[in-house]
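Note that my numbering has the sequence shown beginning at 1, numbered continuously upward.
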Amino acid sequence: MPNTQFEIVALKSGIKSLRLIENNETFHPGIGPLAEANILHVDQHDFAARAEELKARGESFVLWDVGLGAAANVVAAIEAFKSIDADFEIHSFDRSLSALEFALEHTEDLDYLIPYREDCLRFLKDGYLELTPRIRWYLHVGDFRETMHLDIPAPHSIFYDPYSPRGNVDMWNLENFTAVRKRLDPNRPCLISNYTRSTYVRVTWLLAGLNVGVGTSIGEKEETSLASNSLELLKNPLKPAFLVRVKISHSSAPLRGPVFKVGVITPEDYAAVAALPQFHQDT
Ligand SMILES: C[S@@+](CC[C@H](N)C(=O)[O-])C[C@H]1O[C@@H](n2cnc3c(N)ncnc32)[C@H](O)[C@@H]1O
Numbered sequence: 001m002p003n004t005q006f007e008i009v010a011l012k013s014g015i016k017s018l019r020l021i022e023n024n025e026t027f028h029p030g031i032g033p034l035a036e037a038n039i040l041h042v043d044q045h046d047f048a049a050r051a052e053e054l055k056a057r058g059e060s061f062v063l064w065d066v067g068l069g070a071a072a073n074v075v076a077a078i079e080a081f082k083s084i085d086a087d088f089e090i091h092s093f094d095r096s097l098s099a100l101e102f103a104l105e106h107t108e109d110l111d112y113l114i115p116y117r118e119d120c121l122r123f124l125k126d127g128y129l130e131l132t133p134r135i136r137w138y139l140h141v142g143d144f145r146e147t148m149h150l151d152i153p154a155p156h157s158i159f160y161d162p163y164s165p166r167g168n169v170d171m172w173n174l175e176n177f178t179a180v181r182k183r184l185d186p187n188r189p190c191l192i193s194n195y196t197r198s199t200y201v202r203v204t205w206l207l208a209g210l211n212v213g214v215g216t217s218i219g220e221k222e223e224t225s226l227a228s229n230s231l232e233l234l235k236n237p238l239k240p241a242f243l244v245r246v247k248i249s250h251s252s253a254p255l256r257g258p259v260f261k262v263g264v265i266t267p268e269d270y271a272a273v274a275a276l277p278q279f280h281q282d283t
């Protein structure tokens, strides 16, 4: 049966990507799949230096690829890992494989998949692939809110890439991020990257117990966001000036529950955010 959920669209740059027809959401809408995956995710995670430290202790670097989608983010990670002499374990999560199946039928428009076509087909069939003796790739199909609790090592990095909050609020609410934060190993610093710069997402992350920082600019977007269970992993943590924005913004309330709703933050939530240690550093 033909896949009617997605279509191929040309971005402003002429590069092609996928669009989910139902909610009109384009994957990697700014500068295209591989360029965005590299700038937003791969480059910010400093894999070489962090994996080198783990190698000295005989440990593998663990990446969670949340929202496998059409595999652009994970392909960018695999390319980076191939040039690093260390062990990597990738865990890709998705509730549906239809984006990747569609993309594999359209590799003439999605060049980043051409060298990985056979690997992806095998990965989809077996749910696991040893890409090289040093890079192992695991597939977890199902709702991430459940599959994150499988017996899988806690991550050092998360590429967090579900659909945007309006249409995918369960992946963005405080309940989910509190569970994600609890699922991290407090002794294993983990960096989480995402395209958002929304105040309400940053507030939701903060209230879930994560530290939050400003992430790279990308395309026409001046900044994105990073979160971590370790303040030291954030090169540019949000400073107290962010609290002013939280106070005056009309969309700074954290997301709670199954309905997407933005609004003004309550005094209780504001006080909880303002009291967080990241806003009380000496420097
Ligand atoms: C924007 S796409 C991801 C794009 C992908 N990272 C790439 O590089 O092509 C979002 C993906 O998140 C998945 N997703 C959304 N909600 C989910 C959930 N609750 N559990 C697991 N996957 C989910 C969707 O099925 C979709 O494939």
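C-beta: ideal position from N, C-alpha, C; glycine also. Source: prediction; values computed, not measured.
- A residue is called buried once 16 or more other Cβ atoms fall within 10 Å of its Cβ, and Gln281, having fewer, is exposed.
- Sixteen is the threshold: when 16 or more other Cβ atoms of the shown chains lie within 10 Å of the Cβ of Glu89, as they do, the residue is buried.
- Nearest in C-alpha terms to Leu131, of all of Asn3, Ala56, Asp119, Leu139, is Asp119.
- Excluding five sequence positions before and after Val203, the CB atoms of its chain that fall closer than 8 Å to its own CB belong to Val246, Ser252, Ala253, Pro254, Ile265, Asp269, Val273, given in chain order.
- In this model, Thr26 and Lys16 are separated by some 10 Å (Cα to Cα).
- The DSSP-derived three-state label of Ala49 is helix.
- For Leu104, the enclosing alpha helix (DSSP H) begins and ends at 98-104.
- Taken from the Cβ of Ala275, every heavy atom of ligand 1 lies 7 Å or farther away.
- Partner residues in a beta bridge of Ile78, as assigned by DSSP, do not exist.
- DSSP places Asp126 in the helix class (H, G or I) of the three-state scheme.
- Here Arg50 has Phe61, His156 as same chain residues with Cβ atoms under 7 Å from its own Cβ, once five neighbours each way along the sequence are excluded.
- By the C-beta density criterion, Ile21 is exposed, having fewer than 16 other C-beta atoms within 10 angstroms.
- Counting only runs that start and end inside the segment 125-203, the alpha helix (DSSP H) elements of at least 4 residues fall at 144-147, 174-183.
- In this structure, ligand 1 has a non-hydrogen atom nearer than 7 Å to the beta-carbon of Leu68.
- If you check the CB distance, Leu139 and Phe123 come in under 8 Å.
- In this structure, Ser96 has its CB closer than 7 Å to one or more heavy atoms of ligand 1.
- Nearest in C-alpha terms to Phe6, of all of His106, Asn236, Leu234, is His106.
- Around the beta carbon of Arg181, a 10 Å sphere encloses 16 or more other beta carbons of the protein chains shown; the residue is thus reported as buried.
- In the displayed model, Lys16 falls within a strand according to three-state DSSP.
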